[in-house]
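Novice:
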Amino acid sequence: MPEKPLAGETMTVEYAVAKSPFAKEKDVYITAYSIIADKIKAMDVDLSGQSGMLKGTIAVPADAKAMYFVVGSSGSEAKDNNDDKGWGTPVYQSDRKTPVAGYALTEAAIYSRHSYYLQTKRNDSESSRIFSEHFQGVDG
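Numbering (this note's numbering), first residue to last: 1271 to 1410.
#1: Around the Cβ of G1278, are there at least 16 other Cβ atoms within 10 angstroms (buried) or fewer (exposed)?
#2: For V1417, does the three-state DSSP call read helix, strand or coil?
#3: Can you check which of these residues, A1334, A1286, K1325, is closest to L1428 by C-alpha distance?
#4: When you compare the CB positions of K1411 and T1282, do they come within less than 8 Å of one another, or not?
#5: Should G1410 be labelled buried (16 or more other beta-carbon atoms within 10 Å of its own) or exposed?
#6: What is the C-beta distance between S1397 and K1391, in whole angstroms, given that I count them as a contact (C-beta under 8 Å)?
#7: When you compare each of P1291, A1307, Y1338 to D1314 by their alpha carbons, which one comes out closest?
#8: Would you call the segment 1341-1348 and the segment 1377-1384 in contact, with 3 or more CB pairs under 8 Å?
#9: Which parts of the segment 1344-1394 are runs of the beta strand (DSSP E), unbroken and 3 residues or longer, counting only runs that do not cross its ends?
#10: The beta strand (DSSP E) with V1330 in it runs from where to where?
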């Protein structure tokens, strides 16, 4: 899967089908999700492949805070969810070291409200920890 994308750029997505639960499936697909806090948008990834490796590109929306990917097959309801962790990455600032502003709120939503769509294990305690850390010292 991709590493350290920037908003507005095209990123490459690769998936080793031969080493996956879908090694014997013919119609493997990847759905990309652009996430901005409580908003999530699904996008199909056009794939091509050879030698058991699928590859595609997707444009990272300018307002995205994170990108996540769900891998599945039209011949199965199963999803490859990376042992309940999902396949995802923050969107980074130009230094490719620091996530973009607003990523913390998006990360908290990934652990909670978006877990269903992203096929990850819901983790409300981690979501709460991130929210608490993010809002620490904020008067309200």
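Note that the Cβ used here is the ideal one computed from N, Cα and C, for glycine as well. Small disclaimer: the values here were computed from a predicted structure and weren't measured.
Specialist: Reading from the atomic positions:
#1: As a working note, residue 1278 is residue 8 in the sequence shown. With fewer than 16 Cβ atoms within 10 Å of its Cβ, G1278 is classed as exposed.
#2: This structure cannot settle anything about residue 1417, because the visible part of the chain is limited to 1271 through 1410.
#3: The chain is shown only over 1271 to 1410; residue 1428 falls outside these bounds and no answer can be derived.
#4: Nothing about residue 1411 can be reported from this structure: the residues present for the chain run from 1271 to 1410 only.
#5: For the purposes of this step, residue 1410 is identified with residue 140 of the sequence shown, where counting begins at 1. Any reading at G1410 needs caution, since the residue's pLDDT is 49, under 50, leaving its predicted position unreliable; the model's value is listed next. Exposed, since its Cβ has fewer than 16 Cβ neighbours within 10 Å.
#6: Position 127 of the sequence shown, counted from the start, is the residue given in the question as residue 1397. Position 121 of the sequence shown, counted from the start, is the residue given in the question as residue 1391. Their Cβ separation, rounded to whole angstroms, is 12 Å, which puts S1397 and K1391 out of contact at 8 Å.
#7: Translated into positions along the sequence shown, residue 1314 becomes position 44. Ranking P1291, A1307, Y1338 by Cα distance to D1314 puts Y1338 first.
#8: no
#9: 1346-1350, 1357-1360
#10: To locate residue 1330, count along the sequence shown from 1; it is residue 60. Segment: none, V1330 is in no beta strand (DSSP E) and carries neither H nor E.
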